[in-house]
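Numbering (our numbering), first residue to last: 777 to 1206.
Structure below.
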């Protein structure tokens, strides 16, 4: 528990037409040539290899009570870290409620923000060109007829975005970073590359850190920009998203395949470079035949930022990206992986609360009989021939009430109201 890993199936390439086929396809889908004999069907990562060899790396997952996020600790050395150790191998195909991170990757968000916050945030655009692209943040009146916020001026057309956020150039400190009480949301116009306020903006102009993630994800009703989430996703999976089915995975459509000679490696590296600019990417699943990809972030906060920042943007060529929330993976393997991941997270939460996960060191009495199958105590009385509850008698385990208590009532109700209130208050405070 707390050390799950993945073994990935490998696609194979046809030797005649060079088409790529699924790992379980026995013949090429294009030219019907048979699958080459002896081709490797699985990719064993370091975690799987260690497990097969019986070599326990000692790393386990733990839950941080303050941020409500998973981190890693080593049972032998006591070392703790946010990044997933390389020894654990690749994460499973679906990580459920909590992200695990990419194995062996070292997050540089804290160091990057510390360096960028040494300078003031610059103006991204002039105020005169923000009429059609900016968003009046803080005016969160949602129009259910049009399905959008009244203050959202950006049109969802299939045309290139007019502005773009470049973190290395546009990040810096604002008035939000100078507040002593902390808190606050992030600037949606900065994410879209069209904030004209610069250092005078009252929202953050940077990438959320681990502390920001822990603070923002406790509030399930709002996203990192302060917009209210809804009970259900929109039909086209755009918009703010749902608080009932939170997602960390983005659907990325309208990719171009022609400029890339390598069907997977080159395009996937380009996607990783662009999307990693806005947070820690956990996994990228590229479906070459459909020109789409699914980008899963470790934290939902970073996914929300990337969704706004990369909508209608370009990669290295003239594509116009369609970025939306992704549906839950219907693959049975992914469902099983998500259930396993959530079970590990529950176990980590129990341990973080200080509760033991071991079996109790006592047993029920030898003469104990299980209660009758009934949905209520009243039903148990009706089912019992003697009219008694079908539970063991525990009177012998407690001392008899004193005469004073018996005369005053079982709960001491004969005490003066003032003393009783004082007693109840002490009990509540203790």
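By construction, the Cβ of each residue, glycine as well, lies at the ideal position given by its N, Cα and C atoms.
Taking only the alpha-carbon atoms, compute the straight-line gap between residue 847 and residue 1125 and give it to the nearest angstrom.
Here residue 847 is taken as the residue at index 71 of the chain shown, counted from 1. Here residue 1125 is taken as the residue at index 349 of the chain shown, counted from 1. Cα-Cα distance, rounded: 12 Å.
Provide the residue(s) that pair with residue 1025 in DSSP beta bridges, ordered along the chain.
Position 249 of the chain shown, counting from 1, holds the residue named residue 1025. 1072.
Run the CB neighbour count on residue 1085, radius 10 Å, all protein chains shown included, and call it buried at 16 or more, exposed below.
Stepping through the chain shown from its first residue, residue 1085 is reached at position 309. Its Cβ being crowded by 16 or more others within 10 Å, residue 1085 is buried.
Report the three-state DSSP secondary structure of residue 846 (helix, strand or coil).
Counted from its first residue, the chain shown places residue 846 at position 70. If DSSP states are grouped into helix, strand and coil, residue 846 belongs with the strands.
Measure the beta-carbon distance from residue 947 to residue 982 and round it to whole angstroms, keeping in mind my assumption that it falls under 8 Å.
As a working note, residue 947 is residue 171 in the chain shown. As a working note, residue 982 is residue 206 in the chain shown. Correct: roughly 5 Å between the Cβ atoms.
Apart from the five residues on each side of it in sequence, which residues of its chain come closer than 6 Å, Cβ to Cβ, to residue 1098?
What you label residue 1098 is simply residue 322 of the chain shown in a count that begins at 1. Excluding positions up to five away in sequence, the list reads 1029, 1030.
Within the continuous alpha helix (DSSP H) that includes residue 818, where are the two ends?
Numbered from its first residue, the chain shown carries residue 818 at position 42. Per DSSP, residue 818 belongs to no alpha helix (DSSP H); it is in the beta strand (DSSP E), 818-820.
Measuring straight from C-alpha to C-alpha, what distance separates residue 837 and residue 808?
Here residue 837 is taken as the residue at index 61 of the chain shown, counted from 1. Here residue 808 is taken as the residue at index 32 of the chain shown, counted from 1. Using only the alpha carbons, I get a separation of about 45 Å.
For my contact list, residue 1093 and residue 1032 are in at a C-beta cut-off of 8 Å; report their separation, rounded to the angstrom.
Position 317 of the chain shown holds residue 1093. Position 256 of the chain shown holds residue 1032. With a Cβ gap of about 5 Å, residue 1093 and residue 1032 count as contacting.
I need the DSSP call for residue 986, collapsed to helix, strand or coil.
On the chain shown, position 210 is the one that residue 986 refers to. Residue 986 falls in the helix class under three-state DSSP.
Could you tell me which residues DSSP pairs with residue 784 in its beta bridges?
One-based indexing of the chain shown puts residue 784 at position 8. According to DSSP, which records beta bridges pairwise, residue 784 is partnered with 819.
In angstroms with no decimal places, state the Cα-to-Cα distance between residue 820 and residue 814.
Within the chain shown, numbered from 1, the residue matching residue 820 stands at position 44. Within the chain shown, numbered from 1, the residue matching residue 814 stands at position 38. Taking the straight line from one Cα to the other gives about 16 Å.
From residue 989 to residue 1075, what distance separates their C-alpha atoms?
Along the chain shown, read from residue 1 onward, the residue named residue 989 stands at position 213. Along the chain shown, read from residue 1 onward, the residue named residue 1075 stands at position 299. When rounded, the distance between both Cα atoms is 7 Å.
Following the continuous beta strand (DSSP E) through residue 795, name the residue where it begins and the one where it ends.
Start at 1 with the first residue of the chain shown, and residue 795 comes out as number 19. Element bounds for residue 795: n/a, residue is neither H nor E.
Below 8 Å between beta carbons: does that hold for residue 1026 and residue 1082?
Start at 1 with the first residue of the chain shown, and residue 1026 comes out as number 250. Start at 1 with the first residue of the chain shown, and residue 1082 comes out as number 306. Taking 8 Å as the Cβ cut-off, residue 1026 and residue 1082 qualify as a contacting pair.
Which runs of the alpha helix (DSSP H) at least 4 residues long sit entirely within the region 1001-1068? Give them in chain order.
Counting whole runs of 4 or more residues, the region 1001-1068 contains the alpha helix (DSSP H) stretches 1041-1051.
May I ask you to report which of helix, strand or coil DSSP gives residue 840?
The residue labelled residue 840 in the question sits at position 64 within the chain shown. In the structure shown, residue 840 sits in a strand (DSSP, three-state: E or B).
Near residue 1114, which residues of its chain fall below 6 Å by C-beta distance, leaving aside the five closest residues on each side in sequence?
Residue mapping note: residue 1114 aligns to position 338 of the chain shown, counting from 1. Once the five neighbours on either side are set aside, the close Cβ partners of residue 1114 are 870, 872.
Residues in the same chain with beta-carbon distance under 6 Å from residue 1042, minus the five sequence neighbours each way, listed in chain order, please.
Counting from 1 along the chain shown, the entry for residue 1042 is found at position 266. If we look at residue 1042 and ignore the five residues flanking it on each side, its Cβ neighbours are 1036.
Taking the beta strand (DSSP E) that residue 901 belongs to, which residues open and close that run?
Here residue 901 corresponds to residue number 125 of the chain shown, with the count starting at 1. First-last for residue 901: undefined, no H or E at that position.
Rounded to the nearest angstrom, how far is the Cβ of residue 1100 from that of residue 1014, given a contact under 8 Å?
Along the chain shown, one-based indexing puts residue 1100 at 324. Along the chain shown, one-based indexing puts residue 1014 at 238. With 8 Å as the limit, residue 1100 and residue 1014 qualify as a contact, their Cβ atoms being about 5 Å apart.
Report, in whole angstroms, the separation of the C-beta atoms of residue 1259 and residue 786, which I expect to be a contact under 8 Å.
Residue 1259 cannot be examined here, being either before or after the span of the chain that is shown, 777 to 1206.
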